[in-house]
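Student: Numbering (the UniProt record's numbering), first residue to last: 1 to 265.
Yeah, the Cβ is synthetic: ideal placement off N, Cα and C, and Gly gets one too.
Below you will find the structure I want to go over with you.
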Amino acid sequence: MTLEVIHVPAAAVGDSHPPLLFVHGSYCAAWIWADTFLPFFAGQGYECRALSLRGHGGSSGSVEWASLADYVADVALLVDSLDRPPILIGHSMGGLIAQHVVAAGHPVAGLVMLASTPPSGLGSSSLHMMAHAPDVLFQLGLLQSLGPGVVSAAIMHRALFSDQTDPAHVAWMMDHLQKESTRVSAELLMPPRPWPPAGTAVPALVIGGDADKFLPVSAFTETAHHWRAELHVLPGAPHGLMADQHYWRPCAALILDWLTRQSDA
């Protein structure tokens, strides 16, 4: 298995910060972090890596019947190869994958979950979309079954981004989206729970937005409670926290503040 990894060295040589490892969510790949978080955190002195899960982006392997366990193995392989335990930063599905990597006992220095799938899975998400964004739920079905070419850019803009994000940016993203594993899509509805390792306190941070069309605030609260994590809910923020042109900086600032306080602790 060959995994695509975007590596951005820290701007400051010899810095003692732990490395950061970014894990993307469904339908995308490592590119989702490339224009915002990777250069931002590298500029703050953090060595950054973003991987593409198997069958995503430039990684080898087939995506169609990949399992959640396969994705966890992909991230764990990279975690175990690093010289120092990283801080895992996962978005949406990637947040749940990161939780399972920690639960399996792989060495990590911290866990950041952005608009993350909660430990119980996407049952709450399905009900949330049925009630508040049925058109988004329909478009996700089209994306999964027929691919991004048939999906409405206007609805995906509303689903993932704030009004402040340029439609041209949404169009660019639409050109990069891909189908997700059918097996994982089913598993995410009711996945096995990622229990924190016994006797180990992993510093954790949860960030979500109260305008998220995919997940209710209760999902972020559940995740924070499960990991005894610090929780921040950004007013007006959408699901695509790291890619939204208005909200990525406030989100990154919250993470940087948390990272700084972990270093000072």
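Alpha carbon to alpha carbon, how far is glutamine 164 from leucine 188? Give it in angstroms, no decimals.
Tutor: In a straight line, the C-alpha of leucine 188 is about 30 Å away from that of glutamine 164.
Student: CB phenylalanine 220 to CB glycine 208, shorter than 8 Å?
Tutor: In this structure, glycine 208 lies closer than 8 Å to phenylalanine 220 by Cβ.
Student: Going by C-alpha distance, which of Ile89, Ser16, Gly43 and Ala42 is nearest leucine 51?
Tutor: For leucine 51, the nearest C-alpha among the options comes from Ile89.
Student: Tell me the DSSP bridge mates of glycine 90?
Tutor: Val23 and Met113.
Student: Identify which residue in His239, Val102, Ala11 and Ala224 has its Cα closest to the Cα of glycine 199.
Tutor: For the residues His239, Val102, Ala11 and Ala224, the minimum Cα distance to glycine 199 belongs to Val102.
Student: Which of helix, strand or coil does DSSP assign to leucine 51?
Tutor: Leucine 51 falls in the strand class under three-state DSSP.
Student: Excluding the 5 residues flanking histidine 226 on each side, which residues of the same chain have their C-beta closer than 6 Å to its C-beta?
Tutor: If we look at histidine 226 and ignore the five residues flanking it on each side, its Cβ neighbours are Pro119.
Student: Using the Cβ count rule (16 or more neighbours within 10 Å means buried), how would you classify proline 192?
Tutor: It counts as exposed.
Student: Is it true that the CB of alanine 104 sits closer than 8 Å to the CB of alanine 66?
Tutor: In this structure, alanine 104 does not lie closer than 8 Å to alanine 66 by Cβ.
Student: Are at least three pairs of beta-carbons, each pair with one atom in the stretch 245-263 and one in the stretch 119-133, less than 8 Å apart?
Tutor: As far as the Cβ criterion goes, the stretch 245-263 does not touch the stretch 119-133, which means the pair count is below three.
Student: In the DSSP assignment, find the unbroken alpha helix (DSSP H) run with leucine 215 in it and report its ends.
Tutor: Element bounds for leucine 215: n/a, residue is neither H nor E.
Student: Please identify the residue among His106, Pro86, Thr223 and Pro167 whose C-alpha is closest to the C-alpha of glycine 121.
Tutor: Of His106, Pro86, Thr223 and Pro167, the residue nearest in Cα terms is Thr223.
Student: Between which two residues does the alpha helix (DSSP H) carrying histidine 128 extend?
Tutor: Taken as a continuous stretch (DSSP letters only), the alpha helix (DSSP H) holding histidine 128 covers 123-132.
Student: For glutamate 47 and arginine 249, what's the separation of their Cα atoms in angstroms?
Tutor: Approximately 18 Å, taken between the alpha carbons.
Student: For glutamate 180, count neighbouring C-beta atoms within 10 Å of its own C-beta (all shown protein chains included) and say buried if the count is 16 or more, exposed if not.
Tutor: It is buried - the Cβ of glutamate 180 has at least 16 other Cβ atoms within 10 Å.
Student: Could you pull the DSSP bridge partners for leucine 205 from this structure?
Tutor: Its beta-bridge partners are Val112 and Glu230.
Student: Looking at the strands, I want to know which residues DSSP matches up with isoleucine 6.
Tutor: According to DSSP, isoleucine 6 bridges with Ala50.
Student: Express the C-alpha separation of alanine 243 and alanine 171 in angstroms, rounding to a whole number.
Tutor: In a straight line, the C-alpha of alanine 171 is about 13 Å away from that of alanine 243.
Student: What do you reckon, are the CB atoms on phenylalanine 22 and phenylalanine 40 nearer than 8 Å?
Tutor: No.
Student: Classify tryptophan 195: buried if its beta carbon has 16 or more other beta carbons within 10 angstroms, exposed otherwise.
Tutor: When all chains shown are included, tryptophan 195 counts as exposed.
Student: Helix, strand or coil: which one does DSSP assign to valine 151?
Tutor: Correct three-state label for valine 151: coil.
Student: Exposed or buried, which one is glycine 25 when buried takes at least 16 other CB atoms within 10 Å?
Tutor: The residue is buried, with at least 16 neighbouring Cβ atoms inside 10 Å.
Student: Please classify aspartate 212 as buried or exposed, where buried requires at least 16 other C-beta atoms within 10 Å of its C-beta.
Tutor: Buried.
Student: With a cut-off of 8 Å on the beta carbons, I'd call valine 108 and valine 63 a contact; round off their distance for me.
Tutor: The Cβ separation is near 25 Å, so there is no contact.
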